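Heads up: the protein sequence lines correspond to chains A and B, in order.
If you count the first sequence from 1, position 74 lands on 74 in the numbering used here, and the numbers rise without skipping.
If you count the second sequence from 1, position 294 lands on 294 in the numbering used here, and the numbers rise without skipping.
All residues carry an ideal CB built from backbone N, CA and C; glycine is no exception.
Nothing here was measured: the structure is a model prediction, and the numbers come from that model.
Protein chains: 2
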Amino acid sequence: MGEKRLGACDIGGTSIKMAFLTTEGDIIRKWSIPTDRSEGGLNIVSHIARSFNEELEQDGVTAADVIAVGVGAPGPADPVEGTISGAVNIGWENGYPLKKLLEEALELPVFIENDANCAALGEMWRGAGNGAGDVVCVTLGTGVGGGVVSKGMIITGVNGAAGEIGHITVVPENGFLCNCGKKGCLETVASATGIVNLYKAEGKDAPDARTVFERAAEGDAAAKRVIDRCAFYLGLAIGNIANTLNPAKVVVGGGVSEAGDVLLAPLEQYVRQFTFPRAMDVLSIEKAKLGNDAGVIGAAYLAKVMTV
Amino acid sequence: MGEKRLGACDIGGTSIKMAFLTTEGDIIRKWSIPTDRSEGGLNIVSHIARSFNEELEQDGVTAADVIAVGVGAPGPADPVEGTISGAVNIGWENGYPLKKLLEEALELPVFIENDANCAALGEMWRGAGNGAGDVVCVTLGTGVGGGVVSKGMIITGVNGAAGEIGHITVVPENGFLCNCGKKGCLETVASATGIVNLYKAEGKDAPDARTVFERAAEGDAAAKRVIDRCAFYLGLAIGNIANTLNPAKVVVGGGVSEAGDVLLAPLEQYVRQFTFPRAMDVLSIEKAKLGNDAGVIGAAYLAKVMTV
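See below:
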């Protein structure tokens, strides 16, 4: 009972994070269910709906107490058509009509967005973005993801490919080959995989990025050069985003950002080196704050602003 | 009489272009007056108002027949406060309250924007952008200017420094020094000045960019390398903008773009090389169409959308 709430889902390859939130973005309840990728992912919608209604019941409320549901999903989203493409991890065919199917199953308005964009909205609203409407998020994980928020809303671009920050070219000549088919993408040098790539190019080997950071801490000169180079490329990409969009904050998250100041201190210097002075005046680099909750908080924000 | 019209000004260092337009963006009448930079540019507003009213009278209409007036001015604009900063060419102090002063003088609603952003809006609305809401404009002149349009509106950023495409860093190491204080900005290698810079770095000398293009046409190998390199850097910047914003069109204008296919053909190849495949699927590179009218047409668009 009481105040109306927002619903949120963050659909991933192994689990679906779900939550109810207040219209201020406070989490009322959160839970997750496994992602059933069998049969081309066709059971996912009904699983979400069943779980959603069970949890509503536990709170003694019904769908009528929910304003709308925001959903983040992997792969480029077409928020107008309500479809998701390229969600190969989940098994959905291109143009899967997620919005329509969930609206039928939940009997509620549903709004969808790419999952990295939802995370960016979450950090903008209740995380490191601190409500600033112009925020760029960069997530350094196995790959590099991103989201661009301008005046409080995601920039989706023409076919949902905006915010592909991991595919900004930072090594235009003789760069490593990227999964996308291009060469020299930010992802090839600033993700966990990229850091190992750079270390290999130094003629050394490490099982993972964490090991490279550990060796740098122990004084390994090659590992130190790799981290400086990673900060250099990341600073170049962020500086050029700032020259284009003039945001208030760039929020850096994901596993690699957990390395902390050893990466973020040189990053700040490089961002300053590559950013137009007037844009630099108002820019700050922040560490992401919401961790795994960013996605559901951003999805709830989407549900909120789309129903205003 | 008849249909209501839009007013538009494009304030430059030597002249102020003015126009009346229909709400569809057709120019009813256009004219220009010299820019009086004496006394810190303090006569400009009254000159605009006098000229504007004289021209209205010639058409047998009054201010009541004007919906609103859009104004482009050099230097970063704060559209909310209605102020212009850094218009050193004109003599205005930082934070010059152009909107307020013009509204008092014209007794009409006035909306202001940076001049390069107005030109981008003009090309988006009635030029090479052809009404596509997601358009990036790059103007290659003495410097390199730009404007970013998303969903039909300019992205201004936090303090009006968005769209500083000329200051995207494309030579992160050992680049030429730029007027902005940074090194390796796009402007240092892709403007008219930049092309001469690159030619000098080849150990050759030319009085202007036009001469470099002429020598390339005559088979000068250094001049050909310079043009290829200019296209490479421009393609890198445009590709990375596309990876960030996923626009439908990138519109290239300004004097240097008049060189035509000798620059634009390699540019297209480099844009393809540096753009994420999904973003490339929907992207086209277009030559600007409106020439010197882009500014007033975009200013009129601004006046139109701000009063809807």
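Can you list, in chain order, the residues of its chain with a C-beta nearer than 6 Å to that of Ile11 of chain A? Leave out the 5 residues immediately preceding and following it. For Ile11 of chain A, same chain residues with a beta-carbon under 6 Å away, outside a window of 5 residues either side, are Ala73 in chain order.
Does the count of Cβ pairs from the segment 142 to 149 of chain A and the segment 112 to 127 of chain A closer than 8 Å reach three? Yes, the segment 142 to 149 of chain A is in contact with the segment 112 to 127 of chain A.
For a cutoff of 9 Å on Cβ pairs, would you count Ile168 of chain B as touching chain A? Ile168 of chain B counts as touching chain A.
Nearest-angstrom Cα distance between Glu309 of chain A and Asp208 of chain A? The structure shown does not extend to residue 309 of chain A, since chain A spans only 1 to 308, so no value can be given for it.
Examine chain A for any beta-carbon lying closer than 9 Å to the beta-carbon of Leu245 of chain B, and answer yes or no. The Cβ of Leu245 of chain B sits closer than 9 Å to at least one Cβ of chain A.
Going by C-alpha distance, which of B:Val256, B:Glu123, B:Val226 is nearest Ala299 of chain B? Taking each of B:Val256, B:Glu123, B:Val226 in turn and checking the Cα distance to Ala299 of chain B, the smallest one comes out for B:Glu123.
For a cutoff of 9 Å on Cβ pairs, would you count Pro207 of chain A as touching chain B? The beta-carbon of Pro207 of chain A is placed no less than 9 Å from the nearest beta-carbon of chain B.
Can you tell which of A:Tyr96, A:Phe276, A:Ala288 has the C-alpha that lies nearest to the C-alpha of Gly255 of chain A? Selected option, being the one with the closest Cα: A:Ala288.
Mind checking which residues open and close the beta strand (DSSP E) that includes Lys287 of chain B? In this chain, the beta strand (DSSP E) harbouring Lys287 of chain B covers 284 to 287.
Give me, in chain order, the residues of the same chain whose beta-carbon lies closer than 6 Å to that of Ala216 of chain A; leave out the 5 immediate sequence neighbours on both sides. Same-chain partners within the cutoff: Ala223, Lys224, Ile227.
With DSSP run on the structure shown, which of helix, strand or coil describes Ala162 of chain A? It is coil, neither helix nor strand.
Tell me, please, whether the segment 24 to 38 of chain B touches the segment 270 to 289 of chain A by the rule of three or more beta-carbon pairs shorter than 8 Å. By the C-beta criterion, the segment 24 to 38 of chain B is judged not to be in contact with the segment 270 to 289 of chain A, since fewer than 3 inter-stretch pairs fall below 8 Å.
Say whether chain A places a C-beta atom closer than 9 Å to the C-beta of Val308 of chain B. Not closer than 9 Å to any Cβ of chain A, the Cβ of Val308 of chain B fails to qualify, so no.
Count the other CB atoms, across all protein chains shown, that sit within 10 Å of the CB of Ala315 of chain A; report buried if there are 16 or more and exposed otherwise. This structure cannot settle anything about residue 315 of chain A, because the visible part of chain A is limited to 1 through 308.
In whole angstroms, what separates the C-alpha of Ala242 of chain A from that of Phe274 of chain A? For Ala242 of chain A and Phe274 of chain A, the distance between alpha carbons rounds to 9 Å.
Met153 of chain A - partner residues in DSSP beta bridges: Paired residue(s): A:Ser150.
Runs of beta strand (DSSP E) wholly within the segment 38 to 101 of chain B (minimum 3 residues, chain order): For the segment 38 to 101 of chain B, whole beta strand (DSSP E) runs of length 3 or above, ordered along the chain, are 66 to 73.
Please list the terminal residues of the continuous beta strand (DSSP E) segment that includes Val250 of chain A. Where Val250 of chain A is concerned, the enclosing beta strand (DSSP E) stretches over 249 to 253.
Compute the Euclidean distance between the alpha carbons of Thr307 of chain B and Glu107 of chain B, then round it to the nearest angstrom. Straight-line Cα distance between these residues: approximately 15 Å.
Got a sec: is the Cβ-Cβ distance from Asp134 of chain A to anything in chain B below 9 Å? Yes - at least one Cβ of chain B is within 9 Å of the one on Asp134 of chain A.
Is the CB-CB distance between Leu302 of chain A and Glu24 of chain A below 9 Å? Pairing Leu302 of chain A with Glu24 of chain A gives a Cβ-Cβ distance that is not under 9 Å.
Rounded Cβ spacing between Gly194 of chain B and Glu187 of chain B (contact assumed at less than 8 Å): At roughly 6 Å, the Cβ-Cβ gap stays under 8 Å, so Gly194 of chain B and Glu187 of chain B are in contact.
With a cut-off of 9 Å, does the C-beta of Lys182 of chain B fall near any C-beta of chain A? Yes, contact with chain A.
Would you kindly check if the distance between the Cβ of Lys249 of chain A and the Cβ of Val138 of chain A is under 9 Å? No, they are not a contact pair.
Hey, out of B:Ala231, B:Ala265, B:Ala259, B:His47, whose CA is closest to Val170 of chain B's CA? Nearest option by C-alpha distance: B:Ala231.
Who are the Cβ neighbours of Glu286 of chain B in its own chain at under 6 Å, not counting the five residues just before and after it? Result list for Glu286 of chain B: Ala128, Lys249, Val251, in chain order.
Skipping 5 residues on each side, what residues in its chain have a beta carbon closer than 6 Å to that of Ser51 of chain B? The answer, listed in chain order, is Ile33.
How many angstroms separate the CA atom of Glu310 of chain B from the CA atom of Gly82 of chain B? Because chain B is modelled from 1 through 308, residue 310 of chain B falls outside the range shown and cannot be assessed.
By how many angstroms is the C-alpha of Val296 of chain A removed from the C-alpha of Met1 of chain A? Caution is warranted here: a pLDDT of 49 is assigned to Met1 of chain A, below 50, making its placement in the model unreliable, and the coordinate value is therefore given only provisionally. If you take the alpha carbons of Met1 of chain A and Val296 of chain A, they lie about 22 Å apart.
Quick one: measure Cβ to Cβ for Leu290 of chain B and Asp134 of chain B, integer angstroms, because I've assumed they're closer than 8 Å. Separation of the CB atoms of Leu290 of chain B and Asp134 of chain B is rounded to 18 Å, and the pair is thereby denied contact status at 8 Å.
Using only the alpha-carbon positions, how far apart do Trp31 of chain A and Thr14 of chain A sit? Rounded to whole angstroms, Trp31 of chain A to Thr14 of chain A spans 14 Å at the Cα level.
Contact criterion: CB-CB distance below 9 Å. Does Ser225 of chain A meet it with respect to chain B? Before going on, a small fix: residue 225 of chain A reads as Arg here, not Ser. Output row for Arg225 of chain A: interface = no.
Could you tell me the alpha carbon to alpha carbon distance between Ala206 of chain A and Tyr199 of chain A, rounded to whole angstroms? Straight through space, the alpha carbons of Tyr199 of chain A and Ala206 of chain A are spaced by roughly 7 Å.
Under the three-state DSSP convention, the category Thr307 of chain A falls into: Reduced to three states, the DSSP call for Thr307 of chain A is helix.
Taking the Cβ atom as the reference point for each residue, do Gly184 of chain A and Gly166 of chain A lie within a distance shorter than 9 Å? With contacts defined as CB atoms closer than 9 Å, Gly184 of chain A and Gly166 of chain A fail to qualify as a contacting pair.
Using 9 Å as the threshold, is the C-beta distance between Val189 of chain A and Gly239 of chain A below it? Going by C-beta atoms, Val189 of chain A is not nearer than 9 Å to Gly239 of chain A.
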